[in-house]
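Presented below is the structure to which this report refers.
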Amino acid sequence: DAGVIQSPRHEVTEMGQEVTLRCKPISGHNSLFWYRQTMMRGLELLIYFNNNVPIDDSGMPEDRFSAKMPNASFSTLKIQPSEPRDSAVYFCASRTTSRGQETQYFGPGTRLLVL
Amino acid sequence: QKEVEQDPGPLSVPEGAIVSLNCTYSNSAFQYFMWYRQYSRKGPELLMYTYSSGNKEDGRFTAQVDKSSKYISLFIRDSQPSDSATYLCAMSMGGAQKLVFGQGTRLTINP
Chain L
52 DAGVIQSPRH EVTEMGQEVT LRCKPISGHN SLFWYRQTMM RGLELLIYFN
102 NNVPIDDSGM PEDRFSAKMP NASFSTLKIQ PSEPRDSAVY FCASRTTSRG
152 QETQYFGPGT RLLVL
Chain H
24 QKEVEQDPGP LSVPEGAIVS LNCTYSNSAF QYFMWYRQYS RKGPELLMYT
74 YSSGNKEDGR FTAQVDKSSK YISLFIRDSQ PSDSATYLCA MSMGGAQKLV
124 FGQGTRLTIN P
C-alpha cells in the first residue's frame, strides 16, 4: 500500500497566484480530510469529505480556499488568490469507516511558501 | 480558550527516562482520544487510540484518560533517541471523524 499521496511536496509561489494541492487517498478509504499546520496554530482541520461529499467545511479560512473531491481516488485544495499568511504545511488524510480501530492516515504534506 | 491545550515544550530528557506528556480539554463530549507521533518533515502517525476513560498499554507506551478531570496523558518508558519527535494529542466525539488536535509537544531524547 502506497499510503496517502500528496503533490507537490513543495510549492513556492508569489502572492496573488493560484495554488492547487493534490491528494490521492488510500484505496478503499471513504473519508478524506484536509489539514493545515503552522507553528502558531498547530494542526487545523479545514474540510472533510465522506464518500466524496463535503461534510464540514467550517475550518476553511475564507472564500479564497476551495476543495473538491470528484471521485474516490482524488481531491484538490485550491487557494486563489494566495497570500503570504497561507504559508504552511498542508496535510491530506484518509480514513475507512470499517469496523475496528479507527484512525486517520496522513500523507507526507505539501510545504507551501507564498512570497 | 482552545478546546484542547497541550504544552508545546520543547521537552528534553536523557535516554532511558520515563516521559510524561499531557493534554487538557474543555469539551466533555469528547469520547475518543488519540496520540499521534510526528517526525520532522513527516505526516502524523497514530500511536495510541483510547475510547472513554481508562488506561491502554502498548509496549513502552501507556495512554491514560481521566474524563472526570478532562485530562489525558501519554507515558513513554525506557525512552530511546528514536522517540524524539513531536507528539500530538487528538480527540473527537465520534471515532476518527473531525479530530481536534493539541498544539503538539516537541520531545528530544538525548543519548
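First to last, the sequence lines map onto chains L and H. So the mapping is simple: the working numbering equals the position in the first sequence, first residue as 1, plus 51. So the mapping is simple: the working numbering equals the position in the second sequence, first residue as 1, plus 23. Ideal Cβ placement from N, Cα and C applies to all residues, glycine included.
Best match in the options for proximity to residue i [C-alpha to C-alpha]
{"i": "F93 of chain H", "options": "H:E26, H:S49, H:L34, H:P37", "result": "The displayed chain sequence assigns Lys, not Phe, to residue 93 of chain H. The candidate whose alpha carbon is nearest that of K93 of chain H is H:S49."}
{"i": "D137 of chain L", "options": "L:D108, L:S78, L:D114", "result": "L:D114"}
{"i": "N103 of chain L", "options": "L:T71, L:K75, L:R162", "result": "L:K75"}
{"i": "A53 of chain L", "options": "L:I106, L:T161, L:Y156, L:N81", "result": "L:Y156"}
{"i": "P105 of chain L", "options": "L:N81, L:E95, L:G93", "result": "L:N81"}
{"i": "Y86 of chain L", "options": "L:T154, L:T147, L:L128", "result": "L:L128"}
{"i": "S76 of chain H", "options": "H:S63, H:R64, H:Q61, H:M57", "result": "H:M57"}
C-beta neighbour in chain H for residue i, strict 7 Å
{"i": "L164 of chain L", "result": "no"}
{"i": "T89 of chain L", "result": "no"}
{"i": "L72 of chain L", "result": "no"}
{"i": "P159 of chain L", "result": "yes"}
{"i": "E93 of chain L", "result": "Correcting the residue type first, residue 93 of chain L is Gly in the shown sequence and not Glu. Closer than 7 Å to some Cβ of chain H, the Cβ of G93 of chain L qualifies, so yes."}
Sub-7 Å separation of residue i and residue j beta-carbons
{"i": "S133 of chain L", "j": "V165 of chain L", "result": "yes"}
{"i": "L130 of chain H", "j": "L34 of chain H", "result": "yes"}
{"i": "L181 of chain H", "j": "A108 of chain H", "result": "The structure shown does not extend to residue 181 of chain H, since chain H is modelled only from 24 to 134, so the question has no answer here."}
{"i": "Q68 of chain L", "j": "V140 of chain L", "result": "no"}
{"i": "P135 of chain L", "j": "M91 of chain L", "result": "no"}
{"i": "G66 of chain H", "j": "G158 of chain L", "result": "yes"}
{"i": "D106 of chain H", "j": "I95 of chain H", "result": "no"}
{"i": "L69 of chain H", "j": "T147 of chain L", "result": "no"}
{"i": "L83 of chain L", "j": "S124 of chain L", "result": "no"}
{"i": "Q54 of chain H", "j": "M116 of chain H", "result": "yes"}
{"i": "V70 of chain L", "j": "T64 of chain L", "result": "yes"}
{"i": "L96 of chain L", "j": "M111 of chain L", "result": "no"}
Burial state of residue i, where buried means 16 or more other Cβ atoms lie within 10 Å
{"i": "A118 of chain L", "result": "buried"}
{"i": "M120 of chain L", "result": "buried"}
{"i": "G82 of chain H", "result": "exposed"}
{"i": "V27 of chain H", "result": "buried"}
{"i": "Y72 of chain H", "result": "buried"}
{"i": "A52 of chain H", "result": "exposed"}
{"i": "S109 of chain L", "result": "exposed"}
Min CB distance residue i to chain L below 7 Å
{"i": "Q87 of chain H", "result": "no"}
{"i": "F124 of chain H", "result": "yes"}
{"i": "G19 of chain H", "result": "This structure gives no information on residue 19 of chain H, because the portion of chain H shown stretches from 24 to 134."}
{"i": "G82 of chain H", "result": "no"}
{"i": "G77 of chain H", "result": "no"}
{"i": "G66 of chain H", "result": "yes"}
Interface residues of chain B facing residue i [CB-CB closer than 8 Å]
{"i": "T154 of chain L", "result": "Among the protein chains of the structure shown, namely L and H, there is no chain B."}
Can you give me, in chain order, the residues of the stretch 116 to 143 of chain L that have a beta carbon less than 8 Å from any beta carbon in chain H?
F142
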